[in-house]
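Residue numbers (the numbering used here): 100 to 324.
Glycine included, each C-beta is placed from N, C-alpha and C at the ideal position.
Take a look at the structure:
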């Protein structure tokens, strides 16, 4: 889960104090035309807190997405949308020594201020995350997303590709282009690489027809993510 724990705490506290002070001063000026601190002026503290709460709701719903808050206040990037690319298993056929070709996939990321989820589609399977989080380190420029998932192949291919769980760890690249690159490993002892580029803000619900379809020979076990 992302959100409050990933905020730059010092910047957030500073911003909260400044905004609260401005609101309090504005209320005092409107109600009494004076800025003198007194016991009477303290009664507006609850009003300030209420306004702060409303502003926080607006920020958590929409504001955090704005670029002006990125990095200095909100260190995690906005990844929501559909990403497309390939997964490449490290598995090799023991009989031939061949490694399967890369499998075209899309990764659909749904994100809010407090949560993020990942769904991957290929021609033959769908995997859904049940935990997901950012790994952010401003000091060492660390920006990664990790998620643990259950992968469910289509019934027609389950003789060679069983339902399994796994974890993906992806580096977030924002310059010179938007990309997610990393690795995955599963509880069936398979590993591989993931290479994705941003496709669109649209949250696709299935594997798009415009991507090259990947066909796996019936005699070869699937070792995808």
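Report task. Mind the definition here: the region 147-157 touches the region 263-276 only if three or more C-beta pairs lie below 8 Å; say whether that holds. Result -> no
Report task. Decide if residue 129 is buried, meaning its Cβ has at least 16 other Cβ atoms within 10 Å, or exposed. Result -> exposed
Report task. Would you please state the rounded distance, in angstroms, between the beta carbons of residue 268 and residue 279? I believe it to be under 8 Å. Result -> Actually they are not in contact, since the Cβ atoms of residue 268 and residue 279 sit about 10 Å apart, beyond 8 Å.
Requested in this report: Return the bridge partner residues of residue 219 from the DSSP annotation.
Outcome: 206 and 226
Report task. Determine the extent of the beta strand (DSSP E) in which residue 272 is found, giving its start and end residues. Result -> 263-272
Query raised in the report: Short check: CB of residue 281 to CB of residue 189, under 8 Å?
Result: no
Query raised in the report: Nearest CA to the CA of residue 179: which residue from 197, 200 and 205?
Result: 205
Report task. Find the nearest neighbour of residue 230 within the set 247, 119 and 237, judged by alpha-carbon distance. Result -> 247
Report task. Between the Cα of residue 305 and those of 234, 217 and 162, spot the shortest distance and give me the residue it belongs to. Result -> 217
Query raised in the report: Which residue or residues does DSSP assign as beta-bridge partners of residue 252?
Result: 224
Query raised in the report: Closest by CA to residue 286, which one among 120, 145, 250 and 177?
Result: 250
Requested in this report: Run through the region 107-181 for me and flag every whole beta strand (DSSP E) of 3 or more residues, listed as ranges in chain order.
Outcome: none
Query - residue 298 versus residue 310 - alpha carbon distance - result: 11 Å
**Report entry** According to DSSP, residues forming a beta bridge with residue 300
**Finding:** Its beta-bridge partners do not exist; DSSP assigns none.
Requested in this report: Enumerate in chain order the residues of its own chain whose CB-to-CB distance from residue 227 is below 7 Å, with the five nearest sequence positions on each side excluded.
Outcome: 218, 248 and 249
Query raised in the report: Expressed to the nearest angstrom, what Euclidean distance is found between the alpha-carbon atoms of residue 187 and residue 121?
Result: 54 Å
Report task. Just tell me which of 240, 119 and 185 has its CA closest to the CA of residue 274. Result -> 240
Report task. Using the Cα positions of residue 318 and residue 271, report the straight-line distance between them to the nearest angstrom. Result -> In this prediction, residue 318 has a pLDDT of 38, which is less than 50 and means its spatial position is unreliable; what the coordinates show is noted afterwards. If you take the alpha carbons of residue 318 and residue 271, they lie about 36 Å apart.
Query raised in the report: Expressed to the nearest angstrom, what Euclidean distance is found between the alpha-carbon atoms of residue 256 and residue 222?
Result: 11 Å
**Report entry** Reduced DSSP category for residue 284 - H, G, I as helix; E, B as strand; rest coil
**Finding:** strand
Query raised in the report: Which whole-angstrom value is the C-beta distance of residue 207 and residue 181, which I expect to be below 8 Å?
Result: 5 Å
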